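Residue numbers (the working numbering): 1 to 117.
Note that CB positions come from ideal geometry on N, CA and C, so glycine has one too.
Bear in mind that the values here come from a model prediction, so they are computed numbers and not experimental data.
Note sheet for the following structure.
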């Protein structure tokens with residue numbers, strides 16, 4: 001039984017992966033200043049015979065600077081992964097009344113396919 005598991009492991013498993021730590025340098029982004037002009041806008045409502053306006057705006061936004069200091073990324077290890085993917089049956093195209101239909105014959109061959117795993 002152990003040999004069957006080992007054989008399946010060779011056919012359907014990927015090995016473990018290991019990623020070493022790397023050095024990341026210090027990175028700083030200086031302060032940012034954004035100046036935006038928003039023009040006056042008006043909405044005319046013909047039902048109520050009103051005009052609704054918002055005044056023009058000058059928007060100043062300042063974002064502070066930031067730094068990410070030098071560091072090491074973490075080590076990473078992932079164990080082996082095993083997966084078996086199998087398709088069952090066959091696909092046929094059948095025409096009835098001029099309309100194409102796709103019919104999957106899943107019951108045909110399931111038993112046969114399972115014995116090949």
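Whole angstroms are fine: how far does the CA of residue j sit from the CA of residue i?
{"i": "residue 65", "j": "residue 23", "result": "23 Å"}
{"i": "residue 68", "j": "residue 17", "result": "28 Å"}
{"i": "residue 5", "j": "residue 12", "result": "10 Å"}
{"i": "residue 36", "j": "residue 74", "result": "41 Å"}
{"i": "residue 76", "j": "residue 15", "result": "14 Å"}
{"i": "residue 72", "j": "residue 55", "result": "51 Å"}
{"i": "residue 59", "j": "residue 38", "result": "8 Å"}
{"i": "residue 51", "j": "residue 25", "result": "57 Å"}
{"i": "residue 46", "j": "residue 31", "result": "47 Å"}
Could you please give me the residues that DSSP links to residue i through a beta bridge?
{"i": "residue 66", "result": "29"}
{"i": "residue 81", "result": "14"}
{"i": "residue 61", "result": "34"}
{"i": "residue 76", "result": "19"}
Please state whether the Cβ-Cβ distance between residue i and residue j is less than 8 Å.
{"i": "residue 41", "j": "residue 53", "result": "yes"}
{"i": "residue 33", "j": "residue 70", "result": "no"}
{"i": "residue 82", "j": "residue 9", "result": "yes"}
Spell out whether any CB of chain C is found under 8 Å from the CB atom of residue i.
{"i": "residue 47", "result": "The question asks about chain C, but that chain is absent: this structure has only one protein chain."}
Using the rule of at least 16 other Cβ atoms within 10 Å of the residue's Cβ for burial, across every protein chain shown, is residue i buried or exposed?
{"i": "residue 111", "result": "Below a pLDDT of 50, predicted positions are generally treated as unreliable, and residue 111, at 48, falls in that range; the measurement from the model is reported next regardless. Counting Cβ neighbours within 10 Å, residue 111 comes out exposed, since fewer than 16 surround it."}
{"i": "residue 19", "result": "exposed"}
(Q) In chain order, what are the residue ranges of uninterrupted beta strand (DSSP E) at least 3 long that sit wholly in the segment 2-53? (A) 17-19, 27-29, 32-38, 41-45
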